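The working numbering numbers the first residue of the sequence shown as 16 and each following residue consecutively.
What follows is a single structure, written as structure tokens, with notes after it.
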Amino acid sequence: MARRDAEEIRSQAFRLLDQSHAADSPVDADAMRQEAAVMASLAIAAEMGDLRDAVIKVASALEDFDGHGAGVHLHYISDYLEKIADRR
16 MARRDAEEIR
26 SQAFRLLDQS
36 HAADSPVDAD
46 AMRQEAAVMA
56 SLAIAAEMGD
66 LRDAVIKVAS
76 ALEDFDGHGA
86 GVHLHYISDY
96 LEKIADRR
């Protein structure tokens, strides 16, 4: 889900909360507040989905063609440098 979608859902939640103050009856106001809470939850879920997608993209960008991540390469580099230091 695009970040724009999450922002639109969040805006809808705020509009519902504003409208609940002007509701004709307490029952209508309560229904609007409940719907606003649901919309806020959906906005959070959308943002979490965007965050998950970003983390997956970063993780895939850190892997090379063999599937090794940056951490594995740093470990190999560290071992190699340690061997060089031991030779001196």
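Note that the Cβ used here is the ideal one computed from N, Cα and C, for glycine as well.
All values reported here derive from a predicted model rather than from experimental measurement.
Quick one: give me the first and last residue of the alpha helix (DSSP H) that residue i is part of.
i	result
L57	P41 to A76
H88	A85 to R102
Using only the alpha-carbon positions, how far apart do residue i and residue j sit?
i	j	result
A140	A44	No answer is possible for residue 140: it lies beyond the span of the chain, which begins at 16 and ends at 103.
A85	M63	25 Å
K98	E23	56 Å
S93	R67	30 Å
S75	D65	15 Å
R25	I59	8 Å
V42	S56	21 Å
A37	A46	13 Å
D20	H88	38 Å
E78	A100	28 Å
Problem - Stretch pair the stretch 44–56 + the stretch 22–31: three plus CB contacts closer than 8 Å - result: yes
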